[in-house]
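Read in order, the letters of the sequence shown are residues 1 to 402 in UniProt numbering.
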Amino acid sequence: MKCEHCTRKECSKKTKTEDQENVSADAPSLAQENGEKGEFHKLADAKIFLSDCLACDSCVTAEEGVQLSQQNAKDFFRVLNLNKKCDTSKHKVLVVSVCPQSLPYFAAKFNLSVTDASRRLCGFLKSLGVHYVFDTTIAADFSILESQKEFVRRYRQHSEEERTLPMLTSACPGWVRYAERVLGRPITAHLCTAKSPQQVMGSLVKDYFARQQNLSPEKIFHVIVAPCYDKKLEALQESLPPALHGSRGADCVLTSGEIAQIMEQGDLSVRDAAVDTLNKDFQEVTLEKNGEVVLRFAAAYGFRNIQNMILKLKKGKFPFHFVEVLACAGGCLNGRGQAQTPDGHADKALLRQMEGIYADIPVRRPESSAHVQELYQEWLEGINSPKAREVLHTTYQSQEHG
Numbered sequence: 001m002k003c004e005h006c007t008r009k010e011c012s013k014k015t016k017t018e019d020q021e022n023v024s025a026d027a028p029s030l031a032q033e034n035g036e037k038g039e040f041h042k043l044a045d046a047k048i049f050l051s052d053c054l055a056c057d058s059c060v061t062a063e064e065g066v067q068l069s070q071q072n073a074k075d076f077f078r079v080l081n082l083n084k085k086c087d088t089s090k091h092k093v094l095v096v097s098v099c100p101q102s103l104p105y106f107a108a109k110f111n112l113s114v115t116d117a118s119r120r121l122c123g124f125l126k127s128l129g130v131h132y133v134f135d136t137t138i139a140a141d142f143s144i145l146e147s148q149k150e151f152v153r154r155y156r157q158h159s160e161e162e163r164t165l166p167m168l169t170s171a172c173p174g175w176v177r178y179a180e181r182v183l184g185r186p187i188t189a190h191l192c193t194a195k196s197p198q199q200v201m202g203s204l205v206k207d208y209f210a211r212q213q214n215l216s217p218e219k220i221f222h223v224i225v226a227p228c229y230d231k232k233l234e235a236l237q238e239s240l241p242p243a244l245h246g247s248r249g250a251d252c253v254l255t256s257g258e259i260a261q262i263m264e265q266g267d268l269s270v271r272d273a274a275v276d277t278l279n280k281d282f283q284e285v286t287l288e289k290n291g292e293v294v295l296r297f298a299a300a301y302g303f304r305n306i307q308n309m310i311l312k313l314k315k316g317k318f319p320f321h322f323v324e325v326l327a328c329a330g331g332c333l334n335g336r337g338q339a340q341t342p343d344g345h346a347d348k349a350l351l352r353q354m355e356g357i358y359a360d361i362p363v364r365r366p367e368s369s370a371h372v373q374e375l376y377q378e379w380l381e382g383i384n385s386p387k388a389r390e391v392l393h394t395t396y397q398s399q400e401h402g
């Protein structure tokens, strides 16, 4: 999506050439690790370019711009270096959570199976000084289960007077920000209130895991590895429940490509670490009973399909009950943080390889996860408890449009 409607005169993301010519000299690099102290030094600052930011439309404030500039490897290495220098009582516990859509990238890039890529990525991160590495799949299970319950509730409440359908998914921050800042209340009323896997993972780490380890949320530095730059924007907005003093669930978000850059700067790789013509971006599925269509589901990927969906929805000609909406054409695997060449173009060969790898990952029903059911009781005080509602659901802000 080009920023044709952007009204900002100054934007740090406007051109790649300017940013590439002005690489910060202060960013850390694994390649220049000091052998005596084990410190990390120079690495080019992560930049978010206008073409990368699918949520643009003058949506990034000056304050957010400053905070976004801190969402890079430099901040990650700052904490690693502090842990090497300071007294152990002042150490931060470093936790990295990896999105499942990032694993096919590492598997394809280094010619490994997803299982091997996962294990070796974990080993690489721990070799840097990371204490714990988690998979966000369990957080996605919570998000899916809460979305299921909300859809059933909306379906039962839907009527001509109370149009609660279609329900639109809300795990993609680029899509959500576009809906909030551009489309307004007529569309945000349809957004699912279940928090995204990234937000749920933030609560799991900073609340449940922290209490299990007898740590305060501030003692943990939580890094998310994701395929998409928009996840950095999401991290700026998410916050934990008031009881946890407003600490962010994710302190830093790094894209898959940024992790690969850290490896390349150090001349390392995950492998070296210890152990059709159809429109694929708009798909439809129906549920039939006795030959009659009962429910209609759809997936809309990319802003062209999203805009077509919105137009039909506003005209009352959108027959679907539930829609998965993602800002990136091709879905999360095609996130700009991993599926592009160094010169900024889509890496179609890598994307096809990742799609093949991702398709081979076994599908598991979230309700079958014993860990999720256990956490509902032990952490959230029951499936439909007030705490579960507070931790697993969110609200949306809408700008009024004339």
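Yeah, the Cβ is synthetic: ideal placement off N, Cα and C, and Gly gets one too.
- With a threshold of 16 other beta carbon atoms within 10 Å, residue 180 meets it and is buried.
- DSSP places residue 110 outside both helix and strand once states are collapsed to three, so it counts as coil.
- The beta-carbon separation of residue 123 and residue 80, rounded to 16 Å, does not stay under the 8 Å limit for a contact.
- Between the beta-carbon of residue 351 and that of residue 359 there is about 12 Å, and that puts the pair past the 8 Å contact cut.
- For residue 143, the enclosing alpha helix (DSSP H) starts and ends at 137–157.
- Our two residues, residue 341 and residue 399, have alpha carbons roughly 36 Å apart in a direct line.
- Secondary structure of residue 256 (DSSP, three-state): helix.
- Within the model, the alpha-carbon separation for residue 378 versus residue 174 is close to 33 Å.
- Under a 10 Å Cβ-count criterion, residue 97 is classified as buried, with 16 or more other Cβ atoms of the shown protein chains found around its own Cβ.
- One Cα belongs to residue 125, the other to residue 148, and the distance between them is close to 34 Å.
- Looking at the DSSP output, residue 393 sits in a beta bridge with 194.
- The alpha carbon of residue 170 has as its nearest neighbour, out of 372, 231, 384, the alpha carbon of 231.
- In the structure shown, residue 225 falls within a strand segment according to DSSP collapsed to helix, strand and coil.
- Exclusion of the five residues before and after residue 131 leaves 93, 94, 95 as the residues of its chain whose Cβ lies within less than 7 Å of its Cβ.
- Distance check between residue 113 and each of 388, 372, 395, 357 places 357 closest, using alpha-carbon atoms only.
- With fewer than 16 other Cβ atoms inside 10 Å of its own Cβ, residue 153 counts as exposed.
- Each residue's CA atom was taken as its position, placing residue 248 and residue 146 some 21 Å apart.
- Nearest neighbour of residue 204 by Cα position, chosen from 334, 73, 134, 186, turns out to be 134.
- Distance from the Cα of residue 293 is smallest, within the candidate group 158, 284, 300, for 284.
- Under the 10 Å beta carbon count, residue 264 is surrounded by fewer than 16 other beta carbons and is classified as exposed.
- For residue 374, the enclosing alpha helix (DSSP H) starts and ends at 370–378.
- With a contact defined as Cβ atoms closer than 8 Å, residue 346 and residue 301 miss out at about 14 Å.
- By the Cβ criterion, the stretch 212–229 is in contact with the stretch 250–264, since at least three pairs of Cβ atoms, one from each stretch, lie closer than 8 Å.
- A residue is called buried once 16 or more other Cβ atoms fall within 10 Å of its Cβ, and residue 371, having fewer, is exposed.
- Within the same chain, Cβ atoms closer than 7 Å to the Cβ of residue 76 are found at 223, 252, 254, the five residues on either side in sequence being excluded.
- DSSP, read as helix, strand or coil, puts residue 336 in coil.
- For residue 140, the CB contacts under 6 Å within the same chain, skipping 5 residues up- and downstream, are 197 in chain order.
- Check the Cα spacing between residue 316 and each of 163, 151, 118, 116: the tightest is with 163.
- Residue pairing by DSSP puts residue 286 in a beta bridge opposite 296.
- By the neighbour-count criterion, in which 16 or more other beta carbons inside 10 Å mark a residue as buried, residue 368 falls on the exposed side.
- When the beta-carbon positions are compared, residue 392 and residue 142 come within less than 7 Å of each other.
- Residue 105 has its alpha-carbon roughly 28 Å from the corresponding atom of residue 297.
- Around residue 200, the same chain offers 139, 142, 143, 392 as residues with beta carbons nearer than 7 Å, after the five sequence neighbours per side are excluded.
- Per DSSP, reduced to three states, the secondary structure at residue 363 is coil, with no helix or strand assignment.
- Judged by DSSP in its simplified three-state form, residue 322 adopts strand.
- Distance from the CA of residue 320 to the CA of residue 166, rounded to the nearest whole angstrom, comes to 6 Å.
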